[in-house]
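Student:
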């Protein structure tokens, strides 16, 4: 199979899966034929027993406009890449999702958006510094990817992409993190004491994010639980 149209191919893949599931759970004849996939045979040996849960949900990850629009059209939800920021999400991601939803005649409440921003926190200065360093290096790693330049452009840092990419090819991974300023770090996530993390996340992302993952650099289990409980209540 040749590679060349990832968004179109992903769209067909999801539709193909849904056709197979419709055959399994709704007894719809399997007759899916597209450019990339053909599924016309389903035998009893490959047909699972139905359950009360029915077909699984499809959640796609996306960064660019085309894949994001495909997610809105054919998926049940989307995972926004951690390497993202409010300007990019509002100018690129959310409009693309809305276009996809419109194509499928779906409303926003039929679609789940998941996003896990970068979190910098700690119980003391040592933990906070370590968390900050790790976030800088991860942002720099993602920023070195040419396809992600648009995400940096959204916060006026597009010129960094080429420099980060060059450094990555030279194996200067840890040095790359030093190029990520505090302002840029703040654009990609939240920073503060553990008690401040959940309120910041709710304030910045609560109007469009439906779900997040519990990936918080907090070593204290109780503090991590408090963050999760506050997010869930919000």
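Residue numbers (this note's numbering): 43 to 276. Ideal Cβ positions, reconstructed from N, Cα and C, are used throughout, including at glycine. It should be emphasised that the depicted structure is a prediction, and the values quoted were computed from it without experimental measurement.
1. Work out the CA separation of residue 254 and residue 122 for me, nearest whole Å.
2. With distances taken Cα to Cα, identify the nearest neighbour of residue 130 among 147, 191, 84 and 113.
3. Grab me the residues of residue 273's own chain with a C-beta within less than 6 Å of its C-beta, minus the 5 sequence neighbours each way, in chain order.
4. Taking just the CA atoms, how far does residue 182 sit from residue 227?
5. Helix, strand or coil for residue 122 per DSSP?
6. Counting along the chain, where does the alpha helix (DSSP H) carrying residue 205 start and finish?
7. Taking only runs that begin and end inside the segment 60–147, name each unbroken alpha helix (DSSP H) of 4 or more residues, in chain order.
8. To the nearest angstrom, how far is it from the Cα of residue 211 to the Cα of residue 259?
9. Any beta-carbon of chain D closer than 8 Å to the one on residue 104?
10. Would you mind reading off the limits of the beta strand (DSSP E) that contains residue 154?
11. Mapping DSSP to helix, strand and coil, what is residue 231?
12. Measuring alpha carbon to alpha carbon, tell me which residue in 113, 102, 68 and 117 is nearest residue 95.
13. Looking only at C-alpha atoms, which of 164, 216 and 116 sits nearest to residue 141?
14. Taking residue 119 and residue 155 to be in contact with their CB atoms under 8 Å, please state how far apart those CB atoms are, rounded to whole angstroms.
15. If we call anything under 8 Å between Cβ atoms a contact, is residue 264 one with residue 163?
16. For residue 160, name the three-state secondary structure that DSSP assigns.
17. Are at least three pairs of beta-carbons, each pair with one atom in the segment 47–58 and one in the segment 69–78, less than 8 Å apart?
18. Are the beta-carbon atoms belonging to residue 169 and residue 261 less than 8 Å from one another?
19. Return the first residue and the last residue of the alpha helix (DSSP H) that residue 41 is part of.
20. At what residues does the alpha helix (DSSP H) containing residue 269 begin and finish?
21. In the DSSP assignment, find the unbroken alpha helix (DSSP H) run with residue 252 in it and report its ends.
Tutor: For this structure:
1. If I take the Cα positions, the gap works out to 10 Å.
2. Checking every option, the nearest Cα to that of residue 130 belongs to 191.
3. Once the five neighbours on either side are set aside, the close Cβ partners of residue 273 are 240.
4. One C-alpha to the other measures close to 10 Å.
5. Looking at residue 122 - three-state DSSP - the assignment turns out to be strand.
6. That run of the alpha helix (DSSP H) goes 201–211.
7. Listed in chain order, the complete alpha helix (DSSP H) runs (minimum 4 residues) inside the segment 60–147 are 107–116 and 136–146.
8. Taking the straight line joining both Cα atoms gives about 28 Å.
9. In the displayed structure, chain D is absent; only one protein chain is listed.
10. Segment 154–157, the beta strand (DSSP E) holding residue 154.
11. Residue state, collapsed to three classes: strand.
12. Residue 68 is the option with its Cα nearest to residue 95.
13. Taking residue 141 as reference, the option from 164, 216 and 116 with the minimal CA-CA separation is 116.
14. Going by Cβ atoms, the distance from residue 119 to residue 155 rounds to 7 Å, so yes, they are a contact pair.
15. Cβ atoms of residue 264 and residue 163: not closer than 8 Å.
16. DSSP, reduced to helix, strand and coil, places residue 160 within a strand of the structure shown.
17. Yes: the two stretches touch, three or more of their Cβ pairs being nearer than 8 Å.
18. Yes, the pair counts as a contact, with Cβ atoms nearer than the cut-off.
19. The structure shown does not extend to residue 41, since the chain is modelled only from 43 through 276, so no value can be given for it.
20. Counting along the chain, the unbroken alpha helix (DSSP H) around residue 269 starts and ends at 263–275.
21. No alpha helix (DSSP H) contains residue 252, which DSSP labels as neither H nor E.
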